[in-house]
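Going down the list, the sequences are from chains A and B.
Anchor point for the first sequence: position 270 equals 270 in the numbering used here, and the numbering is continuous, going up by one each time.
In the numbering used here, each residue carries its 1-based index in the second sequence increased by 361.
Quick reminder that beta carbons are idealized off the backbone N, C-alpha and C, glycines included.
Scroll down for the structure; my scribbles are underneath it.
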Amino acid sequence: MFGLTAHKRTEPPGWGSVCIFPAALTLALGLGLGLMAATGRPPAAVLGSILSGAFGSWRALEETLLKTAPIFLCSLGVAATFRIKVWNIGAEGQYALGAVGGAAAALAFPGLPAPVLLPLMFAGAALAGALWAAIPALLRLRLAVNEIITTLMLNYLGILFLDWLVYGPWKDPASHGFPMTALFAPGAVIPRIPGTRLHWGLPLCAALALGLWFFLSRTRLGFELKASGEGRRTATYARMPYDALVLLVMGLCGALAGWAGLIETSAGLGRLQPTVMAGYGFTAIVVAWLARLRPLAIALAAFLLAALRVGVENLMLDFSVPAAFGRILEGLILLCVLAGQFFATFSLRRAKAPGTAREAA
Amino acid sequence: MNPDLIVPLLAAAVQSGTPVLFATLGEMFTEKAGVLNLGVEGMMLCGALAAFVTSLYTGSPVLALAAGGLAAALVGALHGMVCLVFLGNQVVSGLALTILGTGLADALGTPLVGRTAPGFGPLRLPVLGDLPVLGPAFFQQDALVYLSYLLVPAFWFFFARTRPGLRLTAAGEYPAAAAAAGLDPIALRWAGVLGGGFLVGLGGAYLSLAYTHLWTSNLTAGRGWIAVALVIFAAWRPGRAVAGAWLFGGIMAFQLRLQAAGTTLPSSLLLMLPYATTVLVLVVAALRRGASRGSDAPEALSVNIEPED
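Here it is as structure tokens:
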């Protein structure tokens with residue numbers, strides 16, 4: 001095309017991998033702003049509104065950090081499954097089950113003090129999320145059922161299950177018909193960091209990111225896990241049965257996404273209600289791919305996409321932009337990054353005339 | 362069994378199965394050429410919106426139908442750009458397309474929520490429509506349902522008996538061999554992406570033009586994903602796609618009827634039925650496949666064609 005031919009690079013481009021991500025992000029934002037301009041909204045003001053909404057004040061930054069946590073946790077799990085080529089797009093459903101599992105513990109033992117109840121809720125959320133994730137993992141391992149479809153269907157089922165609970169058996173009789181549980185007891189609410197709106201779930205995320213990075217890059221087992229990512233045969237080199245690896249990683253993702261659901265329920269809302277579902281599980285896929293599946297980069301990408309969400313919320317106020325504009329931007333970013341990665345793998349050269357090409361070979 | 366109960370349910374099953382059938386055939390067409398496109402849900406929704414808007418402003422259902430197909434093909438072209446030109450990962454690109462497509466339709470459709478537009482109404486076929494049982498179930502439907510009756514054998518004939526169909530299959534099974542035989546597998550895959558996208562768009566258009574006549578947000582409600590699952594269930598054969606799509610149509614119609622009849626079952630549990638069935642259907646397909654071993658999928662499905670050095 002255009003007199004250019006693509007050639008596989010023999011070594012990775014030094015500058016390239018650094019430039020691709022900002023270039024793709026700029027292109028996607030440019031397309032999004034173009035769409036805004038086409039609907040009569042001045043692009044510069046739109047960009048300003050997004051930026052000030054996400055970073056403009058301490059309150060804005062707090063909001064961005066608060067949204068970073070669930071996206072980060074889901075994305076960490078999704079990236080782990082993508083690494084071993086399990087196409088798990090079920091973080092959204094696992095998040096829902098985590099919210100349910102955490103709420104179950106909170107509603108069952110309202111009298112327990114926080115130091116006992118909160119760990120119990122974290123255990124419940126992790127267990128529920130992991131079991132939900134184990135269903136598609138087992139179906140894939142035992143029957144070779146495509147996990148893309150099953151994880152996606154389990155998203156719908158998980159969300160409907162949550163709906164059923166809060167519209168039915170768990171509905172607060174005092175809620176005037178609104179679908180929500182009763183407010184959690186004080187011991188079931190993740191406390192805030194004094195003087196801020198931030199909660200202790202955030203330091204937990206930071207610890208997880210550092211821990212996982214250390215595990216993957218500095219320990220023997222982590223290195224072996226990374227090496228076994230390519231499939232059945234390499235998994236055997238890591239002295240780990242492939243089936244166990246898939247179950248472990250899917251369970252891990254379910255637990256992490258479950259924690260995200262729990263944190264949003266307990267610290268964000270203080271009760272279980274359908275609005276806890278905000279599509280973080282899908283944003284997590286965008287984040288995982290932007291970060292090329294590396295834990296610390298995921299933290300950064302999660303922060304950026306959380307900022308985008310908060311920025312778009314501001315945009316809704318300033319320019320009455322529909323909420324779905326955020327999803328448009330996320331889709332564009334992912335498409336641009338996918339296309340941009342081409343330049344990391346291939347170099348373009350001017351096509352030679354057929355005769356000279358043969359000589360060169 | 363009482364035909365007075367069965368016939369309306371059968372007719373409703375065909376009607377609500379038809380958009381899924383178009384989308385399934387569309388995705389099958391694309392996958393036959395070797396491209397996995399998980400963007401069906403987003404493309405279908407964009408097709409539904411484009412068809413609805415066109416019908417609203419021109420009043421012509423036929424133009425609207427074409428607009429629906431073209432819009433979905435256009436969204437699908439983004440997948441083509443990413444996967445066929447820039448060799449991006451097909452799974453992730455399809456997901457991105459769904460995120461983008463549902464976002465686009467949602468954002469652009471917000472001002473239209475609740476509006477109605479002209480579309481396709483029931484059209485009783487002469488002779489066939491007068492048959493007992495079969496007539497009211499299958500031949501008192503709208504024009505798009507009849508189009509789907511014609512499309513299924515045409516789809517089969519195209520891949521089984523025609524040269525272009527064979528070439529498309531070659532691009533999906535052995536692109537290297539196709540290239541060696543002087544074909545252009547990339548161009549063939551483009552045809553698969555755009556042609557399949559058009560069919561997916563017809564499925565979306567059916568929803569807004571014949572099924573609801575009314576714009577609501579998230580009109581597809583997962584039908585695009587069910588279509589992706591049905592391609593696997595149907596083992597890439599159009600005849601089985603009909604069975605799968607009508608089965609789903611039946612379940613959706615049954616579920617709606619139960620709700621309308623004022624059942625005491627909570628609606629969130631009833632809404633689970635189509636999604637739970639999708640998982641079940643895939644398990645059944647896997648058990649059946651287990652007996653024969655081997656997969657029915659095109660050999661080079663979701664494998665990108667890399668340039669040779």
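How far does the beta strand (DSSP E) with A/PHE346 in it extend, from its first residue to its last?
In the first sequence, residue 346 of chain A corresponds to position 346, counting from 1. Where A/PHE346 is concerned, the enclosing beta strand (DSSP E) stretches over 346 to 350.
Could you tell me the distance, in whole angstroms, from the CA atom of B/LEU473 to the CA atom of A/ASP318?
To locate residue 473 of chain B, count along the second sequence from 1; it is residue 112. To locate residue 318 of chain A, count along the first sequence from 1; it is residue 318. One C-alpha to the other measures close to 21 angstroms.
B/GLY420 and B/SER578: beta carbons closer than 8 angstroms?
For this step, residue 420 of chain B is matched to residue 59 along the second sequence. For this step, residue 578 of chain B is matched to residue 217 along the second sequence. By the CB criterion at 8 angstroms, B/GLY420 and B/SER578 fall outside the cutoff.
Between B/PHE615 and chain A, is any beta-carbon pair separated by less than 8 angstroms?
Numbered from 1 along the second sequence, position 254 holds the residue referred to as residue 615 of chain B. Taking Cβ atoms only, chain A never reaches closer than 8 angstroms to B/PHE615, which makes this a no.
Quick one, which of B/HIS440, B/LEU386 and B/ASN665 has its alpha-carbon nearest B/VAL554's?
Position 193 of the second sequence, counted from the start, is the residue given in the question as residue 554 of chain B. Put simply, of B/HIS440, B/LEU386 and B/ASN665 the residue whose alpha carbon is nearest the alpha carbon of B/VAL554 is B/HIS440.
Per-residue DSSP class, three states only, for B/THR573
Translated into the one-based positions of the second sequence, residue 573 of chain B becomes position 212. Three-state result, B/THR573: coil.
Would A/ALA357 count as contacting chain B if we go by Cβ distances under 8 angstroms?
Looking up residue 357 of chain A in the first sequence gives position 357. Interpretation of A/ALA357 is limited by its pLDDT of 41, a score under 50 that renders its predicted location unreliable; the figure taken from the coordinates is listed afterwards. So, not an interface residue.
At 8 angstroms on the CB atoms, spell out the chain A contacts of B/TRP586, in chain order.
Residue mapping note: residue 586 of chain B aligns to position 225 of the second sequence, counting from 1. Here the neighbours are ILE149, LEU152 and MET153.
Run through the DSSP bridge pairs and tell me what B/THR415 is partnered with.
Counting from one through the second sequence, the residue named residue 415 of chain B turns up at place 54. B/THR415 pairs with nothing; no bridge assigned.
Distance, B/CYS407 Cα to B/VAL436 Cα
On the second sequence, position 75 is the one that residue 436 of chain B refers to. On the second sequence, position 46 is the one that residue 407 of chain B refers to. Cα-Cα distance, rounded: 8 angstroms.
Out of A/PRO203, A/GLY331, A/MET121 and A/ALA344, point me to the one whose CA is closest to A/THR68's CA.
The residue labelled residue 68 of chain A in the question sits at position 68 within the first sequence. Checked all of A/PRO203, A/GLY331, A/MET121 and A/ALA344; the closest Cα to A/THR68 is A/PRO203.
B/THR385, enclosing alpha helix (DSSP H) - first and last residue:
Here residue 385 of chain B refers to the residue found at position 24 when the second sequence is read from its first residue. The continuous alpha helix (DSSP H) containing B/THR385 extends over residues 364 to 393.
CA-CA distance, B/LEU371 and A/THR39?
Start at 1 with the first residue of the second sequence, and residue 371 of chain B comes out as number 10. Start at 1 with the first residue of the first sequence, and residue 39 of chain A comes out as number 39. CA-to-CA, the gap between B/LEU371 and A/THR39 works out to about 45 angstroms.
DSSP beta-bridge partners of A/LYS8
For this step, residue 8 of chain A is matched to residue 8 along the first sequence. Under the DSSP definition of a beta bridge, A/LYS8 partners with A/PHE346.
Could you say which of B/ALA595, B/ASN450, B/ALA566 and B/ARG550 lies nearest to B/TRP517 if we only look at CA atoms?
Working through the second sequence from its first residue, we reach residue 517 of chain B at position 156. Ranked by Cα distance from B/TRP517, the first of B/ALA595, B/ASN450, B/ALA566 and B/ARG550 is B/ALA595.
Tell me which same chain residues have a C-beta within less than 6 angstroms of the C-beta of A/ARG41, skipping the five on either side of it?
Within the first sequence, numbered from 1, the residue matching residue 41 of chain A stands at position 41. Closer than 6 angstroms at Cβ, skipping near neighbours: PHE319.
Would you kindly report the start and end of the unbroken alpha helix (DSSP H) that includes A/GLN94?
The residue labelled residue 94 of chain A in the question sits at position 94 within the first sequence. Under the DSSP assignment, A/GLN94 falls in the alpha helix (DSSP H) whose first and last residues are 91 to 108.
CB contact below 8 angstroms: B/PRO659 versus chain A
The sequence position of residue 659 of chain B within the second sequence is 298, counting from 1. With 8 angstroms as the cut-off, B/PRO659 does not count as an interface residue toward chain A.
For A/ILE50 and B/PRO659, what's the separation of their Cα atoms in angstroms?
By one-based count along the first sequence, residue 50 of chain A stands at place 50. By one-based count along the second sequence, residue 659 of chain B stands at place 298. Roughly 45 angstroms separates the two Cα atoms.
Can you pull the DSSP bridge partners for B/PRO483?
In the second sequence, the residue the question calls residue 483 of chain B occupies position 122. DSSP links B/PRO483 through a beta bridge to B/ASP503.
Could you give the residue range of the alpha helix (DSSP H) that holds A/ALA174?
Indexing the first sequence from 1 puts residue 174 of chain A at position 174. Premise fails: A/ALA174 is in no alpha helix (DSSP H) and is neither H nor E.
Just mark B/ILE367 as buried or exposed, buried being the case when its beta carbon has 16 or more other beta carbons within 10 Å.
Reading the second sequence from its first residue, position 6 is the one you call residue 367 of chain B. By the neighbour-count rule (16 or more Cβ atoms within 10 Å), B/ILE367 is not buried but exposed.
Closer than 8 angstroms, Cβ to Cβ, to anything on chain B: give me those residues from the region 118 to 139 of chain A, in chain order.
Flagged, chain order: LEU139.
Could you tell me which residues DSSP puts in a beta bridge with B/THR477?
Taking the second sequence and counting its residues from 1, the one referred to as residue 477 of chain B is at position 116. Its beta-bridge partners are B/LEU575.
Residue-chain proximity (B/THR463, chain A), Cβ-Cβ < 8 angstroms
For the purposes of this step, residue 463 of chain B is taken as the residue at position 102 of the second sequence. At least one beta carbon of chain A lies nearer than 8 angstroms to the beta carbon of B/THR463.
Kindly give me the distance between the Cβ atoms of B/PRO546 and B/ALA566, rounded to whole angstroms, as I take these residues to be in contact under 8 angstroms.
In the second sequence, the residue the question calls residue 546 of chain B occupies position 185. In the second sequence, the residue the question calls residue 566 of chain B occupies position 205. Rounded, the Cβ-Cβ distance is 30 angstroms, inconsistent with contact.
I need the straight-line Cα distance from A/ALA206 to A/VAL246, nearest angstrom please.
Reading the first sequence from its first residue, position 206 is the one you call residue 206 of chain A. Reading the first sequence from its first residue, position 246 is the one you call residue 246 of chain A. Each residue's alpha carbon lies about 25 angstroms from the other.
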